Amino acid sequence: MKRSRLTQITQRFVQWYGVHGRDLPWRRTADPYHVWISEVMLQQTQVETVIPYYHRFLSRFPTVQHLATAAEDDVLKAWENLGYYARARHVHRAARDMVERFGGCVPSRWQDLSSLSGIGAYTAGAILSIAFGVSVPAVDGNARRVLSRLFAIQEPLDQTRTLRRIQELAESLVPHTGAGRFNQALMDVGAVVCTPKCPRCDRCPVGEFCRAKAQGQQDMIPVKGKRKPLPYRQVTAAFVRNKDGRLLIVQRPRQGLLAGLWKFPGGRRLDGESLEVCVQREVRKELGIDLQVQRAVGSIRHAYTHFRITLHAFKCRYTAGVPGALGCHDWRWVHRSCLDEFAFSRADRKIIAVFDRQ
306 MKRSRLTQIT QRFVQWYGVH GRDLPWRRTA DPYHVWISEV MLQQTQVETV
356 IPYYHRFLSR FPTVQHLATA AEDDVLKAWE NLGYYARARH VHRAARDMVE
406 RFGGCVPSRW QDLSSLSGIG AYTAGAILSI AFGVSVPAVD GNARRVLSRL
456 FAIQEPLDQT RTLRRIQELA ESLVPHTGAG RFNQALMDVG AVVCTPKCPR
506 CDRCPVGEFC RAKAQGQQDM IPVKGKRKPL PYRQVTAAFV RNKDGRLLIV
556 QRPRQGLLAG LWKFPGGRRL DGESLEVCVQ REVRKELGID LQVQRAVGSI
606 RHAYTHFRIT LHAFKCRYTA GVPGALGCHD WRWVHRSCLD EFAFSRADRK
656 IIAVFDRQ
């Protein structure tokens, strides 16, 4: 496509954004720390969900220094139910690096930003263009969809060469000045006009340039690779009280899925194993204690990115052994009224609700 045509497309996006761009709280500031936190929270999470978390998080950790010196448990608690908890651990680790290496500031160079935990090409591009005015693209899922249709890209999006081509197209469009506005325009067009299903082509600022629309393929692009069915797991959890009426909870290991979050002791059922035997075996593995299973409390279903689970909860009686952190990071006996002080996953919060209804 000719340079003059690419310039026209860029101008149309920016002009549209000036009239139709969404009024979002992180767009009312150019503070690099605020931009960074918002962009991390928005990864795979809807805007409406992020807004209250964004405000609470910045109220709790108003600067890079506040975040860097916070305990990881406090950061995870502030992130609770936002999901994808690795993001919280990454921003915490990156904040500490910013204090140690960059004087407590979000760095303004690509190589410095990219060296920090959890900051990839998109996040670095968003921070640099929006907060520092650097002429670099920021290609998120919305932008990929818009560019795929605009240039009628027929290759599946999950291919490396396709992503590279889209990145190159974004680089050809991003202006020398106002890159942040352009990148946000591209995101917003994808969010409210060039939607995954039933795109509103009549409202598109670049509809006359869109090759997919011209070919009647806007509903078939972007092309997606075949999805494999999500694996399914059955998981158990034990509600155990001591003689003071307090519940036993454990903290997950510091590495792996949902690292550092709290849960009720238990774990994944093995093939051919009963749920009752599973909960006894898993609690023994985590804490070195024996339980007697008394009754089933209830079950909930939950889906993660890469697998689905049914979580089965049992009321159990503690019969022998001294608790120790064998397969977990930590453990506590806590009153039910204190559970809200700990960071639990959404699935565990669901099972607490089941327990409360008993």
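When you line the sequence shown up against this note's numbering, it's residues 306 to 663, in that order.
Where a beta carbon is used, it is the ideal one built from N, C-alpha and C, also for glycine.
These figures come from a predicted structure and were not determined experimentally.
- Going by DSSP, Leu452 is part of the alpha helix (DSSP H) stretching over 446-455.
- At the C-beta level, Phe569 and Lys620 stay beyond 8 Å of one another.
- Inside the stretch 455-483, DSSP marks whole alpha helix (DSSP H) runs of 4 or more residues at positions 465-478, from first to last along the chain.
- DSSP places Ser309 inside the alpha helix (DSSP H), whose first and last residues are 308-325.
- Note that the C-beta distance between Leu631 and Pro527 is not below 8 Å.
- Counting only residues of its own chain and dropping the five nearest sequence neighbours on each side, Trp341 has a CB closer than 6 Å to the CB of Val411, Ile432.
- Ser440: not part of any beta strand (DSSP E); DSSP gives it neither H nor E.
- If you look at Trp341, you'll find it in the alpha helix (DSSP H) that goes 337-346.
- Counting C-beta atoms within 10 angstroms of its own C-beta, Lys518 has 16 or more neighbours from the protein chains shown and is therefore classed as buried.
- At the C-beta level, Phe514 and Ile314 come within 8 Å of one another.
- Counting along the chain, Cys621 sits inside no alpha helix (DSSP H); it lies in the beta strand (DSSP E) bounded by residues 613-625.
- Arg559 and Asp635 have their C-alpha atoms roughly 10 Å apart.
- About 11 Å separates the Cβ atoms of Val498 and Phe318, ruling out a contact at the 8 Å cut-off.
- Remark: C-beta atoms of Ala648 and Asp378 approach each other more closely than 8 Å.
- Looking only at Ser434, Gln556, Ala618, the smallest Cα-Cα distance to Arg662 is reached by Ala618.
- Contact annotation: Gly326 and Gln489 have beta-carbon atoms nearer than 8 Å.
- Comparing alpha-carbon positions, the option among Ala475, Asp595, Pro501, Gln349 lying closest to Arg450 turns out to be Pro501.
- The beta carbons of Tyr427 and Asp445 sit closer together than 8 Å.
- Residue state for Arg557 is assigned as coil, using DSSP reduced to three classes.
- The beta carbon of Ser453 sits closer than 6 Å to the beta carbons of Ile526, Pro527 from its chain, once the five residues preceding and following it are set aside; these are given in chain order.
- Under the three-state reduction of DSSP, Ile657 is assigned to helix.
- Within the same chain, Phe619 come within 6 Å of Ala601 by CB-CB distance, once the 5 residues on both sides are set aside.
- Looking at Leu478, Pro628, Ser650, the one whose alpha-carbon comes closest to that of Arg308 is Leu478.
- By alpha-carbon distance to Asp576, the top candidate from Gly408, Gly483, Gln539, Tyr358 is Gln539.
- Taking 3 residues as the shortest admissible run, the stretch 566-621 contains the following complete beta strand (DSSP E) segments, listed from N- to C-terminal end: 595-608.
- With at least 16 other beta carbons inside 10 angstroms of its own, Asp653 counts as buried.
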